[in-house]
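Novice: Chains as they are written, first to last, in this note's numbering: chain A, 926 to 1139; chain B, 926 to 1139; chain C, 926 to 1139; chain D, 926 to 1139.
There are 4 protein chains.
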Amino acid sequence: MFVLVNCKTYPCDAVEVAEAAAAVDETTDARVAIAPQAAQLAAVADTGVETWAQHVDPIDYGSNTGHTLAETVADAGAVGTLINHSEHRLKLADIDGSVQAAERADLETVVCANNPAQIASAAALGPDAVAVEPPELIGTGTPVSQADPDIVEDAVAAAAAVDEEVSVLCGAGISTGEDVVAAGELGAEGVLLASGVAKADDPKAALEDLVAPL
Amino acid sequence: MFVLVNCKTYPCDAVEVAEAAAAVDETTDARVAIAPQAAQLAAVADTGVETWAQHVDPIDYGSNTGHTLAETVADAGAVGTLINHSEHRLKLADIDGSVQAAERADLETVVCANNPAQIASAAALGPDAVAVEPPELIGTGTPVSQADPDIVEDAVAAAAAVDEEVSVLCGAGISTGEDVVAAGELGAEGVLLASGVAKADDPKAALEDLVAPL
Amino acid sequence: MFVLVNCKTYPCDAVEVAEAAAAVDETTDARVAIAPQAAQLAAVADTGVETWAQHVDPIDYGSNTGHTLAETVADAGAVGTLINHSEHRLKLADIDGSVQAAERADLETVVCANNPAQIASAAALGPDAVAVEPPELIGTGTPVSQADPDIVEDAVAAAAAVDEEVSVLCGAGISTGEDVVAAGELGAEGVLLASGVAKADDPKAALEDLVAPL
Amino acid sequence: MFVLVNCKTYPCDAVEVAEAAAAVDETTDARVAIAPQAAQLAAVADTGVETWAQHVDPIDYGSNTGHTLAETVADAGAVGTLINHSEHRLKLADIDGSVQAAERADLETVVCANNPAQIASAAALGPDAVAVEPPELIGTGTPVSQADPDIVEDAVAAAAAVDEEVSVLCGAGISTGEDVVAAGELGAEGVLLASGVAKADDPKAALEDLVAPL
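(1) Can you give me the Cβ contacts of A1097 (chain B) inside the same chain, cut-off strictly under 6 Å, excluding the 5 residues immediately before and after it?
(2) Under a CB-based cut-off of 8 Å, is K1129 (chain A) close to chain D?
(3) Do you know offhand how far A1119 (chain A)'s Cα is from E1033 (chain A)'s?
(4) Between D1044 (chain C) and chain B, is there a C-beta pair that is closer than 8 Å?
(5) For my contact list, L1050 (chain D) and V1081 (chain D) are in at a C-beta cut-off of 8 Å; report their separation, rounded to the angstrom.
(6) Taking C-beta pairs closer than 7 Å, name the residues in chain B that V928 (chain C) reaches, listed in chain order.
(7) If you measure from the beta carbon of S870 (chain B) to each beta carbon in chain C, is any gap under 8 Å?
(8) Any idea what DSSP makes of T993 (chain B), helix, strand or coil?
(9) Identify the residues that DSSP records as bridge partners of A976 (chain C): which are they?
(10) State the beta-bridge partners of G1005 (chain D) as determined by DSSP.
(11) State yes or no: is the C-beta of V1004 (chain A) within less than 8 Å of the C-beta of P1052 (chain A)?
(12) In chain A, what lies closer than 7 Å to I1020 (chain B) by C-beta?
(13) In angstroms with no decimal places, state the Cα-to-Cα distance between P936 (chain B) and E941 (chain C).
(14) Kindly list the residues whose CB is nearer than 7 Å to the CB of T1065 (chain B), restricted to its own chain and excluding five residues on each side of it in sequence; keep chain order.
(15) Over what stretch of residues does the beta strand (DSSP E) that includes S1120 (chain A) continue unbroken?
(16) Whose CA, out of A:P1138, A:A939, A:I1076, lies closest to the CA of E1103 (chain A)?
(17) Should the segment 974 to 991 of chain B be called in touch with the segment 946 to 953 of chain C, which here means at least 3 C-beta pairs below 8 Å?
(18) Answer with yes or no whether the minimum CB distance from A1001 (chain C) to chain B is below 8 Å.
(19) When the Cα atoms are used, what is the spatial distance from Y986 (chain A) to T934 (chain D)?
(20) Give me the Cα-Cα distance between F927 (chain D) and G1121 (chain D), rounded to the nearest whole angstrom.
(21) Helix, strand or coil for V949 (chain D)? Go by DSSP, reduced to three states.
(22) Which residues in chain A have a C-beta closer than 8 Å to the C-beta of N1039 (chain D)? List them in chain order.
(23) For chain C, find out if any of its Cβ atoms is closer than 8 Å to the Cβ of V998 (chain B); answer yes or no.
(24) Give the residues of chain C in contact with N931 (chain D), contact being defined as C-beta atoms less than 8 Å apart.
(25) Candidates D:L1015, D:A1026, D:D1019, D:I1020: which alpha carbon is nearest L994 (chain D)'s?
(26) Closest by CA to D1088 (chain D), which one among D:D1126, D:S1046, D:E1114, D:K1129?
(27) Compare the Cα-Cα distances from E1114 (chain C) to each of C:S1023, C:V1077, C:E944 and report the closest residue.
(28) Tell me, please, whether the CB atom of A1084 (chain D) is closer than 8 Å to any CB atom in chain C?
(29) Please list, in chain order, all residues of the same chain as A895 (chain A) whose beta carbon is under 7 Å from its beta carbon, the five residues on each side excluded.
(30) Just to confirm my understanding: we take P961 (chain B), look at its own chain, exclude 5 residues before and 5 after, and list those with CB closer than 6 Å. What are they?
(31) In chain order, what residues of the same chain have a beta carbon less than 6 Å from the beta carbon of A978 (chain A), not counting five sequence neighbours either side?
(32) DSSP beta-bridge partners for C1095 (chain C)?
(33) For chain B, is any of its Cβ atoms less than 8 Å away from the one on I959 (chain C)?
(34) Residues of the segment 1045 to 1069 of chain B with a CB closer than 9 Å to any CB of chain A: list them in chain order, please.
(35) By the 9 Å beta-carbon criterion, what residues does the segment 1086 to 1113 of chain C contribute toward chain B?
(36) Inspect the beta-carbon positions of A1084 (chain B) and C1095 (chain B) and report whether they are closer than 8 Å.
Written out as structure tokens, the structure reads:
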């Protein structure tokens, strides 16, 4: 399973979370990665943890101010990027452009979406993976795998119908190892997490609990 | 073939274009429709022509100011709507919401997109049709069916691979009956037009030329 | 006092509200106007009531799809327009462009904003009026003139400091004649209303109550 | 004079530009600063040069993905930020929010705008400075101080009329020391530069030429 921890703009110490993740990653078959803010990418990558960007813009080198260039986040140490997170929705044409920009910079891509129809839509753009996160469950502490298992299975089926190469992650409300196992049983190949780890008093203990049953 | 004339915000007399379209529609097997601005929908529908909206928002009845509600454009006489036109790009989640809003109001839907990958993506959201319009050809007078026939065939194949029920229109640079025939031969079931008719000195003659070979 | 009723996308009969407003307008010194959706402008204007648009885009005649052109809403009977309503926030450069577009089409302009600093900012763009609507009070039924009288006085002072020609309306929570009087005493030359009239069981009675103390 | 070099997403070596700027800054009364991409802030700040962000979002700590938090760019070493650059236009309410976010994090603020009316509007939000950049001159190599000196003088007057504490920078087409001197004579207290330095074969020589006449 792929466990991707989104640090958002939480008041957490991203390097501390990264060090915890790097340590836990060595103890498990799961693959653990951290997505900090752009300005923290280099410091997080220096810990040796697998580092992801939270977003890249559908742009190339050139006259763009205040945007996130795929090549620059790759240079800072990122190996993948979220695209179209529910807190950063993009136009369809720009998701396409961001996936292409990320591929140009050799970044792995996870495109987020709300429901199985949008998951199919996202999968059609050829990312490495899609992530289904029902907006009504985000931040609730109720895992999607429990609150609405059908949506995960439907998302897995929807993505496969469009492109069998595209794997599916699930997010929203995941906070325990049981949730991660349940997500895997529904066909997800990974999970998106945020507050459960990044805002935990002890991020390392939180991650250890998460990967323990894997 | 479906011939949909987008009047944009051109300085044309939308009612005159509508009357021309209504007259020509009676003389041909082609299906001719007009998409005026929202404030002109009722006057255009009064001519008897098939009337389309240029856009609907992903909203329901409620607290929305300056937005376009599907039910209101239907009440004004529209029977269909464009969504995600290249001059009005939407977020993926909002294309999904607009398609659902339109269906709720019994409006037929055409979702526009730039290229075959985005066409597949749009088709996955379940509209009645998708329209491929390469941005670099819009307004050039060079028809996509001639400048880039592969893109039309690829769009037809991409949509069919996702959902065989979704038909494909093509746009960008269409201005003659020959272009419409060529589009049909490439698998398109209709065309999107704008300046070729709406800005013609004689919209009726322009439409007659367009449908003559059909 | 100017009493401007925003019908939003409420499930109300905009023509019925307009007829009520036209009737009440004849009985009072207050100036009563109605802002329906774009597709309803012509039908509302036909009632003889003063008719406003809810929004115009920062565009001119040309290649724009699904946008609201100032000239077209004026042709449909509008004499003014809201700009930058809290449900339709615009970029600063686009507020400037929308004010200019509206002036080009001889539409009166009211630019909305959240707080005194933004009111000064809006006033600097030269509209006819600005409207202060604290977002936290919208739809609460608690009038801004009562919940936060300072914000209205500060908005009046902020606008005057930038341009004495720009008048100030206030909105958010206004529903009684008393609220309108209180707004006037704080320096506002008008009020923005929505649900209190547009969603009333008897819009005419609601408007009569509103203007009774004026 | 304040000389702020915006590195945009140019294919330049931001650290090399920063080292050049740090060296030149020591030789001149002018104040030289560099604005790299967010992911490069820490590396640029490590050179000792005054470091600026290209943008901050109108957000606080919390659930925001792919956004730029003022506190995080400050932690990475930035001491100021551009806001509302012409390549990153914001809603009026969001410019207000970004200025407040920047102030909360002790970042100096420069709000960009197109013309004197928008400059007054930006000044009303209380930033430290505003920057006038006529979009039609950006990237032309023709300095605004030469192509349209009135716009600089009008911007200086417009800002002063709203708030005398707000200083004015000018941008667009600045590339020589003469342009900087001319900007100062028109009342500007600084200049925004980009390609003239960041894309120069020898950024240090380019900066030395720029500050030589100061």
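Cβ coordinates follow ideal geometry from the N, Cα and C atoms, glycine included. The structure displayed is predicted, hence computed values, not measured ones.
Specialist: This is what the structure gives:
(1) For A1097 (chain B), same chain residues with a beta-carbon under 6 Å away, outside a window of 5 residues either side, are E1058, P1059, L1062, I1063, V1069 in chain order.
(2) no
(3) About 19 Å.
(4) According to the sequence shown, residue 1044 (chain C) is Ile rather than Asp. I1044 (chain C) does not count as touching chain B.
(5) About 17 Å separates the two Cβ atoms, so there is no contact after all.
(6) Within chain B, no residue comes near V928 (chain C); the closest Cβ sits about 17 Å away, beyond 7 Å.
(7) In the structure as shown, chain B starts at 926 and stops at 1139, and residue 870 (chain B) therefore has no counterpart that could be examined.
(8) Three-state result, T993 (chain B): coil.
(9) Note on residue identity: the sequence assigns Thr, not Ala, to residue 976 (chain C). Bridge partners of T976 (chain C): C:I959.
(10) D:W977, D:E1033
(11) No.
(12) L1017
(13) Those two C-alpha atoms are separated by around 32 Å.
(14) G1098
(15) Where S1120 (chain A) is concerned, there is no enclosing beta strand (DSSP E), although the alpha helix (DSSP H) it sits in stretches over 1120 to 1123.
(16) Considering only alpha carbons, the answer is A:P1138.
(17) The segment 974 to 991 of chain B vs the segment 946 to 953 of chain C: no contact.
(18) yes
(19) The straight-line gap from Cα to Cα measures roughly 5 Å.
(20) 16 Å
(21) helix
(22) Residues of chain A passing the Cβ test: none, with the nearest at roughly 14 Å.
(23) yes
(24) Here the premise fails: no neighbours, minimum Cβ distance about 18 Å.
(25) D:A1026
(26) D:S1046
(27) C:V1077
(28) Using a CB distance cut-off of 8 Å, A1084 (chain D) does not count as an interface residue toward chain C.
(29) Lying before the first or after the last residue shown, residue 895 (chain A) is absent from chain A, which here runs from 926 to 1139.
(30) C932, A939, V969
(31) V998, A1003, T1006
(32) C:V1057, C:V1116
(33) It does not: the Cβ of I959 (chain C) has no partner Cβ on chain B nearer than 8 Å.
(34) A1045, S1046, A1047, A1048, A1049, L1050, G1051, P1060
(35) Listed by position, the residues of the segment 1086 to 1113 of chain C near chain B (Cβ gap below 9 Å) amount to none.
(36) no
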